[in-house]
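Engineer:
6 protein chains.
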Amino acid sequence: MGKIVTFGEIMLRLAPNGYYRFVQAQELGATYGGGEANVAVSLANYGMDAAFVTKLPKHDIGQAAVNSLRQFGVDTSYITRGGNRVGIYFLEKGASQRPSKVIYDRAGSAIATASSEDFDWSTIFEGAEWFHFTGITPALGDNVAAICLEACKAAKAKGVTISCDLNYRKNLWSKEKAGQVMAGLMEYVDVCIANEADADDVFGIKAENTDVTGGKLSHEGYKEVAKKLADRFGFSKVTITLRGSISANDNNWAAMLYDGNDYYFSKNYLVHIVDRVGGGDSFGAGLIYACVNKYAPQDALEFAVAASCLKHSIEGDFNQVSVDEVKKLAGGDGSGRVQR
Amino acid sequence: MGKIVTFGEIMLRLAPNGYYRFVQAQELGATYGGGEANVAVSLANYGMDAAFVTKLPKHDIGQAAVNSLRQFGVDTSYITRGGNRVGIYFLEKGASQRPSKVIYDRAGSAIATASSEDFDWSTIFEGAEWFHFTGITPALGDNVAAICLEACKAAKAKGVTISCDLNYRKNLWSKEKAGQVMAGLMEYVDVCIANEADADDVFGIKAENTDVTGGKLSHEGYKEVAKKLADRFGFSKVTITLRGSISANDNNWAAMLYDGNDYYFSKNYLVHIVDRVGGGDSFGAGLIYACVNKYAPQDALEFAVAASCLKHSIEGDFNQVSVDEVKKLAGGDGSGRVQR
Amino acid sequence: MGKIVTFGEIMLRLAPNGYYRFVQAQELGATYGGGEANVAVSLANYGMDAAFVTKLPKHDIGQAAVNSLRQFGVDTSYITRGGNRVGIYFLEKGASQRPSKVIYDRAGSAIATASSEDFDWSTIFEGAEWFHFTGITPALGDNVAAICLEACKAAKAKGVTISCDLNYRKNLWSKEKAGQVMAGLMEYVDVCIANEADADDVFGIKAENTDVTGGKLSHEGYKEVAKKLADRFGFSKVTITLRGSISANDNNWAAMLYDGNDYYFSKNYLVHIVDRVGGGDSFGAGLIYACVNKYAPQDALEFAVAASCLKHSIEGDFNQVSVDEVKKLAGGDGSGRVQR
Amino acid sequence: MGKIVTFGEIMLRLAPNGYYRFVQAQELGATYGGGEANVAVSLANYGMDAAFVTKLPKHDIGQAAVNSLRQFGVDTSYITRGGNRVGIYFLEKGASQRPSKVIYDRAGSAIATASSEDFDWSTIFEGAEWFHFTGITPALGDNVAAICLEACKAAKAKGVTISCDLNYRKNLWSKEKAGQVMAGLMEYVDVCIANEADADDVFGIKAENTDVTGGKLSHEGYKEVAKKLADRFGFSKVTITLRGSISANDNNWAAMLYDGNDYYFSKNYLVHIVDRVGGGDSFGAGLIYACVNKYAPQDALEFAVAASCLKHSIEGDFNQVSVDEVKKLAGGDGSGRVQR
Amino acid sequence: MGKIVTFGEIMLRLAPNGYYRFVQAQELGATYGGGEANVAVSLANYGMDAAFVTKLPKHDIGQAAVNSLRQFGVDTSYITRGGNRVGIYFLEKGASQRPSKVIYDRAGSAIATASSEDFDWSTIFEGAEWFHFTGITPALGDNVAAICLEACKAAKAKGVTISCDLNYRKNLWSKEKAGQVMAGLMEYVDVCIANEADADDVFGIKAENTDVTGGKLSHEGYKEVAKKLADRFGFSKVTITLRGSISANDNNWAAMLYDGNDYYFSKNYLVHIVDRVGGGDSFGAGLIYACVNKYAPQDALEFAVAASCLKHSIEGDFNQVSVDEVKKLAGGDGSGRVQR
Amino acid sequence: MGKIVTFGEIMLRLAPNGYYRFVQAQELGATYGGGEANVAVSLANYGMDAAFVTKLPKHDIGQAAVNSLRQFGVDTSYITRGGNRVGIYFLEKGASQRPSKVIYDRAGSAIATASSEDFDWSTIFEGAEWFHFTGITPALGDNVAAICLEACKAAKAKGVTISCDLNYRKNLWSKEKAGQVMAGLMEYVDVCIANEADADDVFGIKAENTDVTGGKLSHEGYKEVAKKLADRFGFSKVTITLRGSISANDNNWAAMLYDGNDYYFSKNYLVHIVDRVGGGDSFGAGLIYACVNKYAPQDALEFAVAASCLKHSIEGDFNQVSVDEVKKLAGGDGSGRVQR
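Chains G, A, R, D, B and C supply the protein sequences, listed in that same order.
Going from the first sequence to my numbering is simple: count from 1 and add 7.
Going from the second sequence to my numbering is simple: count from 1 and add 7.
Going from the third sequence to my numbering is simple: count from 1 and add 7.
Going from the fourth sequence to my numbering is simple: count from 1 and add 7.
Going from the fifth sequence to my numbering is simple: count from 1 and add 7.
Going from the sixth sequence to my numbering is simple: count from 1 and add 7.
1. Along the stretch 295-322 of chain G, what residues have a CB closer than 7 angstroms to any CB found in chain R?
2. Just to confirm my understanding: we take V209 of chain G, look at its own chain, exclude 5 residues before and 5 after, and list those with CB closer than 6 angstroms. What are they?
3. In the DSSP assignment, find the unbroken beta strand (DSSP E) run with A22 of chain B in it and report its ends.
4. Helix, strand or coil, according to DSSP, for Y140 of chain D in the structure here?
5. Give a yes or no on whether 8 angstroms exceeds the smallest Cβ distance from L35 of chain C to chain R.
6. Which bits of chain B does N91 of chain R rub up against, with CB to CB less than 7 angstroms?
7. Rank D:N216, D:G343, D:A146 and D:K163 by C-alpha distance to the C-alpha of K182 of chain D and give the top, closest one.
8. Put V302 of chain B into one of helix, strand or coil per three-state DSSP.
9. Are the CB atoms of L249 of chain B and A237 of chain B within a distance shorter than 8 angstroms?
10. Anything in the stretch 101-117 of chain R with a Cβ closer than 7 angstroms to a Cβ of chain C? List those residues in chain order, please.
11. Please list the segments of the beta strand (DSSP E) lying wholly inside the stretch 96-135 of chain D, counting only runs of 3 or more residues, in order along the chain.
12. Starting from V73 of chain D and walking both ways along the alpha helix (DSSP H), at which residues does that stretch end?
13. Mapping DSSP to helix, strand and coil, what is Y27 of chain G?
14. Check this for me: beta carbons of G101 of chain R and A214 of chain R, under 8 angstroms apart or not?
15. With DSSP as the reference, please indicate the residues paired to T168 of chain B in a beta bridge.
16. Would S273 of chain A count as contacting chain F if we go by Cβ distances under 8 angstroms?
17. Using 8 angstroms as the threshold, is the C-beta distance between T83 of chain A and G15 of chain A below it?
18. Indicate whether at least one CB of chain C lies closer than 8 angstroms to the CB of H279 of chain B.
19. Could you give the first and the last residue of the continuous beta strand (DSSP E) run that contains A214 of chain D?
20. 8 angstroms is my cut-off, CB to CB: does R250 of chain D come that close to chain A?
21. Residues of the stretch 53-81 of chain A in Cβ contact with chain B at a cutoff of 7 angstroms, in chain order, please.
22. List the whole-angstrom C-beta distance separating L76 of chain C from A47 of chain C, where the pair is believed to meet the contact cut-off of C-beta under 8 angstroms.
23. Of the residues R:F29, R:L192, R:R20 and R:R28, which one's Cα is nearest the Cα of G41 of chain R?
24. At a Cβ threshold of 8 angstroms, is D340 of chain D touching chain B?
25. Could you name the residues of the stretch 38-53 of chain C whose beta carbon sits closer than 7 angstroms to any beta carbon of chain D, in the order they occur along the chain?
26. State buried or exposed for M8 of chain C, treating a residue as buried only when at least 16 other CB atoms are found within 10 Å of its CB.
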């Protein structure tokens, strides 16, 4: 199998321990994460040849970000070193009725101030089979959106499959700007990944009978969403994750897949959350793994949902699970009995 | 709006991390808390001008207690410095069927050995709008009960509204003693706050069809309790929190309010507990905030219940939430979705 | 009451904090535990005279294992010092659908390489009333199985009651080997303890209509299992714990007891798990306590189940609860209300 | 005595525990600090009425910065809330021959992007006696240099004494730019504070026979430096701290003071370092305290040096010592015997 | 060899991690210690049969204190359970010129409120060879002084050797009171242990040419002190530890012994301090070990000094070293080379 | 430049935090290290292409060892996966007169039970320039010694330079066995690295006038040692590190180099130790770096000594320093001034 390339920002994630609020914390857990980096680590953990492309400063914080990826076997040789800072996000874990809270401090990061010359896509895509990015990357700035477009073109030129997770972030850009920029990129995308709110936020495509905040999702309504997305942009596959948020501790988790012909729905998992950040990314990684390994649609969906179900039980952005663990859960064993 | 004054003891709280038992702990989390201090911090977090009155030793542990209040903006300028020790309570967090456990080591604390000359109530209540204390304060000793009475009289003389949380503590005094002393103070109190057991413990006023230990509470029965309290002491408002304890991890949480005319019941919340100590105090603070800001009865009750619902998700005695967070929950959004 | 002797291995338990996976951990909690050691500590916590017999190296890690037992009052004077290493097990705590994971690194431990001369059973059983071991001890090697047999004979000769927890460990021996060796030991055993899978694994005695992995247990089916065990080996009592695993966080927990005449079933507890390792051992310790104190069968069973229910709320292998705490839960108070 | 006002930036300080390097850290200690904030906290710890002026975002990280100041009694009521981020600095503690390392990530902070309208100096200086800033503040940008100039003018207009610590930071501006901007501000300054390198870096005034890197300082040479500074800018007092760096663990620490007439040299302390960041600021705070309290020159110098000697034994930017502790050391007791 | 009995208070020791000051600490290390308990643990670590006598509450904090002793093999069977609280001391570790700081919170502890009936000395001294107490025990109150006298009489009646460490604590009693009470006890004491200041504080016997605070001790002057003590009270041995405090990190450490005939001086050690609390106690334990094992005077002194030198490198009150480790150092190997 | 290959064991290192002794530790820091792995990481940190060859189990602890190497850029692609366990060493950090203590638990590790088929040296050495191993590797067993010999032969066949650090470990083999096996390997070795004791331990070649335990080393005596080693085995270079141990905290550190013609002595550093494990390995890595980069003998020696001097300031086995940092120190700047 060929190399899988992802492109985006990796941030320093600073989080109080346990359930402490920001104003209580004297210690912050320091890990690294970001949509596309999370996908790369997850794929490397599945034994894939995964490369993550970004720009990071030459200083030790930049180096620590590189090391966090290398540790799990991600190919970091295409990372450009330069720029001034590593983007940061502060994460406060929610509990019960109190939601998790994210404060972004990512403006001016190395990747957000990168330019076209920083990346040689033709070299990067040599031997590549798949390219993945999310809606966060073009949202970092017009320069990054332009780089993203160049990457898509280069990938397409080499016959590389392209997936995109819409991943709308309201603090990075408006819905209007997002819709306009993303539409331009979608023409290169084969596989579209979205959560229960993205299609509405980015393209104004809304599920009927659904109240995302209230945690009530109409699975039927999402068929229509998937179809509209596929019809508009010609995606070969559309997948939508369906999170039903009961509380900060407990969520329902499922997904659907539309392959242009049929609609597939996964099992639903009731997850007791350890850390839900990166849940969507772990779904994307599971889906890419399944696609590259030619799983049938229902199997691919179940693999991706089981993978991301497990992510909710793992600290940090990165999904630290193996193919065997995912398969065991997808195969029906979610009893959590001790493995000796 | 005027100043809100609370009076009582702030203790050093020593708690093993996570779910470790006392006999397993080599480290103890060191924070500070106590009924009336908790109310003051919560009000300061809502942007109120809140002052906490107590006596604390001049040494560094006393100073650390002062700092813990100042940190959140509480006015500590009326705290008298002197005496020998800071009261301590040891807290072991329960889980599942194992209850949380509190060991008090508060005898001989600076406030418990204070005398009338330590406090100049006339100065303290200048510009004040509200005075709050709980049943713990007079229980600290006859001297403190006398000081409390002086405070009530001084407050009343200045037209300050007085609230009292009955807060019965069986290890501090007998039900008989409590009933007698508290009755003398109630004549000055406008707003009475109680939990599902207090009215019975202190004044022998019991709800019918209720099994507090079993977690089964009859809401109807508490109407009668509230009415009897109001009738006996002439309270303008009586509120009763209704905790249905399913396990050390999961509780039902609601409250009622009686304003002499009508009975109001709040929404019920199923809370997954991070730390339930200070839950009642956070209700009191919410109620005071709502009263001072002239909320209608149902709104005041919902604000207080939502505020205290959130407290259960927060480590330490102090309720670290903002007015916006409380309003969001009271307004119906308890899904715990990540706030980015 | 006489001394209670247990014999087996105590290991160094190395576990990442919280829910971190092995590959994420830079710190490992270091405690000690093992089936029979856990029983001894639990009994010492109940005020019993409990002695744990094993072999441990003379170095500081061996000493730390001894200290961990002494700390809770276990008699360690029969522990032979010598050999090269302390057995180790690595424990990763599971959450939600992700199971806990144990990696054993116990080969070559001091006890696994012990010989008959290391233990003077005649001295050890002086004044003893009860002897307990589990199926793990003979599984450590033929030499240890032989020592175990000597212990059983010496115990029997002194009229000491013997209990055995079948405790099958597939990584230590095959089902065939286990069945053969254990059968030889069972002839000395009075009280047999098993979990929902042991009887099948060791002796091929299987409950009907039961899916252990799926968490569906037929209580009726276990009557048959208990009876078959009692009939085959002449046990005076057979107890079977019945764990219904909903997820790594939530389990149903109950047990049955067969005394040759009647079948007793305990209450069922829905437990929210802090640490489930040692759950079975805490049941065994509760049962032994109840037997030695001559509880009636249903009371003995309820005590043992309540004791082990509480264990699930406690970090580490050792059950850190008192007789009063167990009785309070067995008596019906599982509401988890704060004890002040 | 009047209020003491300081103005500048307070940053989030992120530091690995102990001697871990950045690339090894999974946890970062999160405290707050910055030259002028450090001075304000130190003065508040001496019982002074100290106010710190800055701009901080409205979000929780900004609030935590405010709380860190309030905790120690600093008046934070003049802090303007707004802007996007809190400046950050990463600190890695050195040991032996390995130096401590600072990585700044402060561009774009709220204070660096502040404008004149954010501060009402006339109100701020009401009742003030002293104004202090350091060379870092004008280095944050031309806008901040302009605000600083406004502050100086407003202070002067009210007869407030002004002190400035030259504090040259080469990563914020060039020596040329620094020299030019600082010269403009010096005309308002009464008391100049510098370290062994600042006068050279900012104004090209260099001590003879001195090798700062090699830790060899010529005390005589610094007399000339002080005199030149005083002569050029008309300072009433010039103080220069004299750090002789033996290693990252051990430093010599002393200072001199020139009051236009005489040169005073302090005792020298050999300090074994816990945390040397903020050492210069603690000297400044000690000097201001001594001046406001009208100490004689030698006494003022000894107080300031003893205060800053103690700072080296304290974790974090803030000097957590009392007047009594400083006086005890200045009085000659540096034996470190336990105080019971 | 016979049992060694020590009698006194064991306190909960609460200490910030590393060099944090009290006002900075959110976590406190929780260990247990006290003069006589420290001696008992040290002796148990040398393989001696050591029993510690005190009174401790029945609650979990009292139990944790018992466990802390049992863990290291101390016989806790003579500890009376009852009373209300465990005495506490807060410890802040000093560094460089900043001294360590102790805040006592021990009034009202179980042992301080004990009465004669709590201890059956006749049983306790069965099989005993040595009895040890320090000047802290009688300082806890007249009741405890009386119990201490009863213990001395009972010990003497059984021919048990008695040692006393003068251990003057100014916050517990005045020099006058100490001198008077201690004189009454000294008549039973065989071996007197003192530090460089005790003889002066308690009995007004002062070394010439010595400045304890300045760290300058005249060894000659202490000969006179020892002789006067021996002459006045008829001690068979007097030992005086000689701490020369250079800073909170570095001390000189030596001792002298007078056996009525000759004066012996030990080697001097320059110690780099990890934790100096319990240093004197570890000297006492070393001396008792050496006496019980019939070491020659110089050897006994060197053992005791080496033992206590090592204590300075160990966290907590208890000296965690073996006889072999002490002998190795006393024998001259203090190079600190790694032992593999 | 070509690849640098090292071969040996990487162990799980378990160490109490700070200066806690083994019997006090409830937490163990978990890192990975071993002589040759340490060299590989250090070289990777210098930007070299470094590969580490070993055998590690397939389970998660084995994976964590792999990750610890990958994190710093070491090529782990030649590591064979299999076997049962990861070797462990327990490390207790010494202080002052108390030495650090190592307890090995490495028997039966995957590499110790490896066989010739596990490694394809011909492939491994493709493109290699240097091969490094230490005396620990052949000491793991005759099988590993044989593999080591095969590696040497394969390396020699490809013209790869070979270095060996004698690294005698008395708990792994006797001096006789070591001398015999090592002599057979030395014939392939070009560069010999030893510490102040190795040549004596392994080959009976002893420095005159030297007392290693006492920390007194005769530099002259080591000239003779180096010459004898070079003469006997035909080494092109012999280097000897010269550690003068003052205490567990303070060491003198220097080295010599003999190139067959001249004797070179480095500067001496007085190091204040953070963690001295891996000090020798960091010297080896520095030397290899300098040789591969064709440094002149004195420069190579100074680089290696400065590199290893810095290692003593860094936690863990791995030397986390850059070429720039080493050069700065070798160039004379050891003042430890903060780098901003």
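All C-beta atoms in this analysis are idealised placements derived from N, C-alpha and C, irrespective of residue type, glycine included.
The model shown is predicted, which means the values in this text are computed figures rather than measured ones.
Structural biologist: Taking the coordinates as given:
1. C316, L317, H319, S320, I321 and E322
2. L173, Y175, A185, G186 and M189
3. M18 to P23
4. A small fix is needed here, since residue 140 of chain D is Phe in this sequence, not Tyr. Residue state, collapsed to three classes: strand.
5. yes
6. The premise fails here: N91 of chain R is roughly 15 angstroms from chain B at the closest Cβ pair, so nothing lies under 7 angstroms.
7. D:A146
8. The question names Val, but residue 302 of chain B is Tyr in the sequence shown. Y302 of chain B: coil per DSSP, three-state reduction.
9. no
10. I110, D112, A114 and G115
11. 108-112
12. D67 to R77
13. coil
14. no
15. B:W137
16. In the structure shown, chain F cannot be found, because the protein chains are G, A, R, D, B and C.
17. no
18. yes
19. Unbroken run through A214 of chain D: none, as it is neither H nor E.
20. no
21. H66, D67, I68, Q70, A71 and N74
22. 7 angstroms
23. R:R20
24. yes
25. none
26. exposed
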